[in-house]
Amino acid sequence: MVADRFRNTFNAINNGEQYPVDELISIDSRCPLLEKLKLELTTPHRDFDRNGRVMVESKKDLAKREIPSPNVADAFIMAFAPIDTSLDIWEQLGRQA
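For the sequence shown, position 94 (counting from the first letter as 1) is numbered 94 according to UniProt numbering, and the numbering increases by one without interruption.
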């Protein structure tokens, strides 16, 4: 999760903790949309569901607060989303090969 990467990076820099590189995050300070990205990543409220899972404020709820859709943050988060590179078409279709 991206939030974990940010937390790990903070702890690595400030507390000297060690993490594998793929559990850290670094954003180039020359990124043209850096300020917009920071604003969009920090604006939504966060809560927890009954099972303790993190829930991020919905776009609908953001709109109620007159906050525009966080498109830059969405793209950033999606870039770090885990992907399943294996695709068994027969499994997807519910059949056996």
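The C-beta atom is built at its ideal place from N, Cα and C for all residues, glycine as well. Treat the numbers as computed from the prediction; the structure is a model and nothing was measured.
For phenylalanine 10, the three-state secondary structure derived from DSSP is helix.
Contact between the segment 45-54 and the segment 14-34 is not established, with fewer than three Cβ pairs separated by less than 8 Å.
Taking 7 Å as the cut-off, the beta carbon of arginine 7 is found no closer than this to the beta carbon of leucine 24.
The criterion of a C-beta distance shorter than 7 Å is satisfied by valine 72 and leucine 37. Methionine 55 and aspartate 61 do not touch by the CB rule: their CB atoms are close to 10 Å apart, not below 8 Å.
About 5 Å separates the beta carbon of valine 2 from that of phenylalanine 80, a gap short enough to meet the 8 Å contact definition.
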